[in-house]
Each structure stands twice: as C-alpha cells, then as structure tokens.
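Contents: one structure, followed by commentary.
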Amino acid sequence: MTGGHVGIRDVARRRLVAQGIARDPSDADDPAPTLAEVAASQLATQAQDLPGAKWALGLRARATEVEVDAALADGTVVRTWPARGTLMITARADVRWLTELLAPRAFGAAASVWRRDGLTPDDFVRASDIARAELRGRSLARDALLEVWRANGIETTKNRGSHLLRQLAGEALIVFGPPTTNPKTGAAVQTFALLADHAPEAEPRDRDDALRELAVRYFTGHGPATVRDLAWWSGLTIADCRRAVDLAGDALARCDVTGQEPGPQDREALLTSAAHPPSIAEPGDVRILPPFDELLVGYADRAAHLDEGDFAKVVPASNGLFRPVVTVDGRVVGTWRRTLVKNDAVDVAVETFRPLDAAVEAAIDARVDEYARFAARSRYEAASG
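Taking our numbering as reference, the numbering of the sequence shown is continuous, increasing by one, and the terminal residue is 407.
Take a look at the structure:
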C-alpha cells in the first residue's frame, strides 16, 4: 500500500474531486455521472433533510430536482436507514448489503430507547410479519402502515411507530417507496415498500466481501481519509474498519501529508484509491453545499474543511444539525439558507464569516443561480422602495 505526498491544504481540494463536487480537470469534457453513479460513489448520502440530500445528489450529477425526484420514485436511488440510525440515500444495488453490514451496530444503542417507549421484541416480530403481508407487491403511505399495525394491536403513538419503521428498515425488510400525492392538498406523501420489491436486484454480500467493498468504495469516494473517518461514517468499530482496510489491500494507497498544520494526518494515515487517486481541484473552486453534505459529515476529523472557531456557526446547537455551507477550495467560509417564495421563486441568503474578495462574491452569486436552476425556480428579487 504505497502512495504519494500531498500538502495538508490540498486534502480538501482532493476531496472535492473524490466526492464529485469538482471535476477532475482532465475529465472536464466527460459527460456528467448519472444519479445512480453518484449515489454509488457516495455509498450513502445523509438524507434526514430531504431537500438538502436532493441537492447533494443533483449538484454532483448536474441533475435537476425533478430528475432526483424521478430517481427516488422509480427506485434508481433508495432512501432508508442503512447506518448510524440515520436516513440516507443509496444506489439501488447497494441498499441491501450496506444495510445488512452497517445497521446492526445501531440496534444496540436504540434498544434502551425502544424499551423506554414500551416496545417489546414481540412487537417488532409481529410488525415485521404484518408488513411482509401488507406490502407485498405494493407500497403504503406511512400513516396507512401505522394504522394497519394499530388495527392488529401494535401501539404506534408517540415515537413507537418511528421506532418500528426504523428497525424494520435496519433489518433490510422495508425502504421508502415511490411517493404518492395527497388528493386534498396535492402534497407529496412518502410511502414504504418491501426492499425486495422496490430494489429486487439488491444482493447481499458475505461479511468479508462487504467490508472490503466498503473500504474500497469509501476511500475512493471520500479520500484522502483515515480509518477513524471510516469508523465514524460507517458506525462500525475501529477493529472492523482496520480489517476492511486489510481486506482491501493494494486497492488502497497511503498519502503522506507534508506541512506542519494540524489536521487528520496527525492521528492516522490518509488513504485513497490506488487505481483512482483524486486529483486536486482547480484553485478558486466555490460551492454552496446542502446541510449535512458529505464534505463535512463524511469525516470524523473536519479540520481540512472547517476552522475550529467557525464550528459553532455551522453546527449552532448540541443536536448535531449542520447548516448549508459556502466553501472556497473546500474550506467553509459561510452559510446560506433558502426560502421558497410563492410557487416559482427561491430566495437565497448568504452569510459569510469574513469579507471575501469580489471574484469570490461573484462566484457565490453564480452558484446561487445554479441552485435556482436545479430547483426550477427563478431567483427572488425583493421589491425596492
């Protein structure tokens, strides 16, 4: 496992390319990846904030929100709880093996919460049996599935319904299905379907094969990164992640980091794909990224992207919610928020942490235009006067 030398300030710019946010300069004329390819390269995209997850996929695939919605509806990409008890979007082919490998680690932490809320092992068994029968060959809206459980004597009030859904998803039984529409309001309504129906080609893997695939894919799509970063991202133990790296063998390469600045290299070696090491994004790369984007949440150590003094501006509360961020060369320089105005406009407010030069300000404005095109909305212009 050999590799080259990189400077610590290059880590963020290499991750921009590895994650598909910036294009490899040598690939600039290649077609954009498909949404399925982007989802696969990310392994899983954090998606408790669904609009943000759509933008995370859309900006990497150069796709519109309508196109992401279509991919979610037809099962090209699948939303579920595969790791860390967190909603994520995966490629259809990856949903089963990722869930079977990663979700069990979250069960132990959740068991005490389920007991506190009055759920028993028998409740989960009965809910599973009912879901298999009721969802075979079709999908049901969340409320409809909860009502079926209640009709069969399984209490779903308070948080119990959510616990049941999360556990059954973690068992690779159910996933979010194609959304339907509320006939009264016209709003989209999420549904649940059997994983076997919605993603029939999603195959299991034996554990060692899954661990090897996890390591190769994570370090290809997130590198340079460390074993500790992989453990954070996956929720697996450090021992499991070290085994995954050992199983990957020569598919991974080590990056020796030059320079004296503190960062992730102080703890463990940085690893990348040996066959496809990420190039360095061209200087001056400016982006507006969604909340929970993998550029930040994909790593245990975020020093390559975020100054310690700015952390509270991005994660302002103890609940772990990440704000949408503005980056320059992969480093966070501000935050932004969107407001949908009427039916056809979007207002984007940007707040930078410190003054930026005119060229960067212009590039941020261009990225706001890019987001508006993704959302198929015009930019809102407040009336003057």
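Here a beta-carbon is modelled for each residue, glycine too, at the ideal position from N, C-alpha and C.
Go ahead and pull the three-state DSSP assignment for residue i.
i	result
THR98	coil
GLN68	strand
ARG158	coil
GLY208	coil
GLY354	For clarity, residue 354 is Val in the given sequence; the question names Gly instead. The answer is strand: DSSP assigns VAL354 an E or B state.
ASP391	helix
GLN282	Model confidence at GLN282 stands at a pLDDT of 38, short of 50, so the residue's coordinates are unreliable and nothing is read from them.
GLN287	Bear in mind that a pLDDT of 42 at GLN287, under 50, signals an unreliable position, so the number given afterwards is only what the model happens to contain. Three-state DSSP puts GLN287 in a helix.
ALA125	coil
GLU304	coil
THR24	The predicted model places THR24 with a pLDDT of 49, which falls under 50 and marks its position as unreliable, so this point remains unresolved.
ALA194	coil
For the putative contact between residue i and residue j, defined by C-beta atoms under 8 Å, what is the C-beta separation to the nearest angstrom?
i	j	result
VAL368	ARG395	The pair is not a contact, with the Cβ atoms about 10 Å apart (cut-off 8 Å).
ALA83	PRO300	Not really, about 18 Å apart at Cβ, beyond 8 Å.
LEU79	ALA303	No, LEU79 and ALA303 are not in contact; Cβ-Cβ is about 19 Å, not under 8 Å.
ALA113	ALA58	5 Å
Considering only residues of the same chain and omitting the five flanking positions on each side of residue i, which have a CB-CB separation below 6 Å?
i	result
ALA75	THR67, ALA69, ILE111
LEU123	ALA232
ARG239	LEU65
THR178	LEU168, TRP171, ARG172
ARG35	ILE302, ALA303, ASP351, GLY352
THR121	PRO104, ALA194
What do you reckon, are the CB atoms on residue i and residue j nearer than 9 Å?
i	j	result
VAL117	ALA224	yes
ALA163	ARG127	no
PHE241	GLN189	no
VAL382	VAL355	yes
GLY175	ARG148	yes
TRP119	GLU235	yes
PRO53	SER63	no
GLU373	THR361	no
THR349	LEU317	yes
ALA397	THR86	yes
ALA237	ALA270	yes
Measuring alpha carbon to alpha carbon, tell me which of the options ends up nearest residue i.
i	options	result
GLY199	SER48, THR361, VAL211, ALA132	VAL211
SER295	THR248, GLU316, LEU328	THR248
ASP71	PRO313, GLY320, THR86	PRO313
ASP323	GLY97, ALA85, ASP366, PRO246	PRO246
ARG158	LYS180, LEU233, ALA221	ALA221
ALA275	LEU292, LEU269, ASP262, ILE260	LEU292
VAL60	ASP32, VAL88, VAL99	VAL99
LEU109	VAL197, GLY243, ALA253, LEU378	VAL197
ARG309	ILE386, ALA326, GLY320	ILE386
LEU186	ARG250, ALA218, GLY107	GLY107
ASP219	GLY342, LEU81, ALA115	ALA115
Is residue i near the ligand FMN, going by C-beta to nearest heavy atom under 8 Å?
i	result
LEU311	For the ligand FMN, the structure offers nothing, since it holds no ligand at all.
Given residue i, which residues of its chain have a CB within under 7 Å of its CB, disregarding the five upstream and five downstream residues?
i	result
ARG359	PRO346, ALA371
GLY183	LEU168
Give me, in chain order, the residues of the same chain whose beta-carbon lies closer than 8 Å to that of residue i; leave out the 5 immediate sequence neighbours on both sides.
i	result
SER150	LEU190, GLU193, LEU195
ASP96	PRO200
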